[in-house]
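A quick write-up on the structure given underneath.
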Amino acid sequence: MWTNYHSHCTFCDGRSHMEEFIKYAIAKGVTKYGFSSHAPIPFETHWTMKADDFDDYMAEFQRLKSKYSDKIELFIGLEIDFIVGCTNAKMLFFNDKILDYKIGSIHYLDQLADGTYCSIDGLFKEFYKGMNELYDGDIRKVTKRYFEVSKLMVQAGGFDIVGHLDKITLHGARFADFDINASWYVDLFVDYLQLIKQKNLIVEINTKSLLEKGMTFPDKRFFSLINEMQIPITVNSDCHYPSKVIDGFSETYEALKKAGFTETYQLIDSVWQPVKF
Ligand SMILES: [Zn+2]
Ligand SMILES: [Zn+2]
């Protein structure tokens with residue numbers, strides 16, 4: 006009864022074609038599967054979809070949706086970046102796009118002197134460079150800015166699911182001064198959750214780094230809090246390889262059960278609805 010709404014394919018930085026992901030998902034008993042390529046952004050990158058490819062993205066999806074309609078329910082979305090002063094889910098480009106859902110994510114913080122952005126989800130050395138240049142080499146400062154920008158994204162809206170909401174922990178965890186149990190961090194995190202709750206957004210439990218790094222986004226330390234706050238969740242693998250379609254799912258559902266969760270949200274007749282697991 007697995008579902009996954011966060012996945013990448015060759016239309017962005019995914020390593021295989023849509024159809025390969027679908028075949029693997031069917032083989033693993035996934036009942037609902039969604040594609041969420043990195044949406045085009047106003048400058049060139051190696052990891053986002055080119056705006057010109059959007060129509061092909063839709064056409065290939067429609068072809069596969071009909072081809073596999075008796076085996077799996079397929080959905081089409083986008084993972085849309087929020088970059089301060091640069092791009093967000095309310096940009097003109099997205100206005101006329103008919104998608105099943107949108108994921109809002111942060112991969113970049115502020116702009117460096119050379120015109121690039123401080124990357125929080127790429128190589129550590131890129132993050133480190135940005136942190137030193139823009140935030141005095143202070144992990145707390147960059148973390149605080151991360152949650153500020155995250156809140157701006159949620160305030161701006163235009164999407165359904167908050168993607169990997171504490172991705173700052175990916176590199177943050179390498180610093181002695183970074184502690185997700187410290188009150189300065191918990192305060193930032195809870196404040197962000199309250200805004201998400203107020204805006205009725207779904208939080209994804211992102212399992213991409215669970216098997217390799219032992220991390221989920223959000224961290225499992227906060228699962229029971231998210232449950233107490235009655236914030237809707239959905240479990241996503243954010244896979245870039247077909248073989249990783251359900252990576253970390255069993256472990257994550259176990260942890261969610263322990264934290265008191267009994268349901269995750271699924272897209273049913275175009276409405277996000279709770280379903281028991
Ligand atoms: Zn992402
Ligand atoms: Zn992603």
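Each residue of the sequence shown is one higher than the one before, counting from 6 in my numbering. Positions of the beta carbon are idealized from the N, C-alpha and C atoms, including for glycine.
| query | Are there 16 or more other CB atoms within 10 angstroms of the CB of Leu83, so buried, or fewer, so exposed? | reply | The residue given as residue 83 occupies position 78 in the sequence shown. By the 10 Å Cβ count, Leu83 comes out buried.
| Roughly how many angstroms lie between the CA atoms of Asp18 and Ser42, to the nearest whole one? | On the sequence shown, position 13 is the one that residue 18 refers to. On the sequence shown, position 37 is the one that residue 42 refers to. Approximately 8 angstroms between the Cα atoms of the pair.
| field | Residues that Tyr122 bridges to, as DSSP identifies them | value | One-based indexing of the sequence shown puts residue 122 at position 117. According to DSSP, which records beta bridges pairwise, Tyr122 is partnered with Gln116.
| Which stretch, first to last residue, makes up the alpha helix (DSSP H) that contains Leu79? | The sequence position of residue 79 within the sequence shown is 74, counting from 1. No alpha helix (DSSP H) holds Leu79; the beta strand (DSSP E) holding it covers Glu78 to Asp86.
| request: With DSSP collapsed to three states, give me the class of His155. | output: On the sequence shown, position 150 is the one that residue 155 refers to. The question names His, but residue 155 is Ser in the sequence shown. Helix.
| Within the present structure, is the beta-carbon of His176 separated from the nearest heavy atom of ligand 1 by less than 8 angstroms? | Sequence index remark: in the sequence shown, residue 176 carries index 171 (1-based). False, no ligand heavy atom lies under 8 angstroms from that Cβ.
| task | Could you give the DSSP three-state label for Thr174: helix, strand or coil? | result | Along the sequence shown, read from residue 1 onward, the residue named residue 174 stands at position 169. Thr174: helix per DSSP, three-state reduction.
| Do you know how far the Cα of Ser74 is from the Cα of Gly177? | Stepping through the sequence shown from its first residue, residue 177 is reached at position 172. Stepping through the sequence shown from its first residue, residue 74 is reached at position 69. Distance from the CA of Gly177 to the CA of Ser74, rounded to the nearest whole angstrom, comes to 42 angstroms.
| Within 8 angstroms: the Cβ of Gly168 and any heavy atom of ligand 1? | Residue mapping note: residue 168 aligns to position 163 of the sequence shown, counting from 1. It does: the Cβ of Gly168 is within 8 angstroms (strictly closer) of some heavy atom of ligand 1.
| What span of residues does the alpha helix (DSSP H) with Trp189 cover, start to end? | Stepping through the sequence shown from its first residue, residue 189 is reached at position 184. Looking at the DSSP string, the run of the alpha helix (DSSP H) that includes Trp189 is Ser188 to Gln203.
| Is Phe48 near Ser12, with beta carbons less than 9 angstroms apart? | Here residue 48 corresponds to residue number 43 of the sequence shown, with the count starting at 1. Here residue 12 corresponds to residue number 7 of the sequence shown, with the count starting at 1. No, these two residues do not count as a Cβ contact at 9 angstroms.
| request: Verify whether the separation of the beta carbon atoms of Asn241 and Glu209 is less than 9 angstroms. | output: Against the sequence shown, residue 241 aligns to sequence position 236. Against the sequence shown, residue 209 aligns to sequence position 204. Result yes, Cβ atoms of Asn241 and Glu209 sit closer than 9 angstroms.
| Pair within 9 angstroms by beta-carbon distance, Lys202 and Gly162 | The residue labelled residue 202 in the question sits at position 197 within the sequence shown. The residue labelled residue 162 in the question sits at position 157 within the sequence shown. No, Cβ-Cβ distance for Lys202 and Gly162 is not below 9 angstroms.
| Looking only at DSSP bridge pairs, what is Tyr270 linked to? | Position 265 of the sequence shown, counted from the start, is the residue given in the question as residue 270. DSSP, once it has assigned bridges, lists Pro279 as partnering Tyr270.
| query | Any contact of the stretch 25 to 39 with the stretch 58 to 66, i.e. 3+ C-beta pairs under 8 angstroms? | reply | As far as the Cβ criterion goes, the stretch 25 to 39 does not touch the stretch 58 to 66, which means the pair count is below three.
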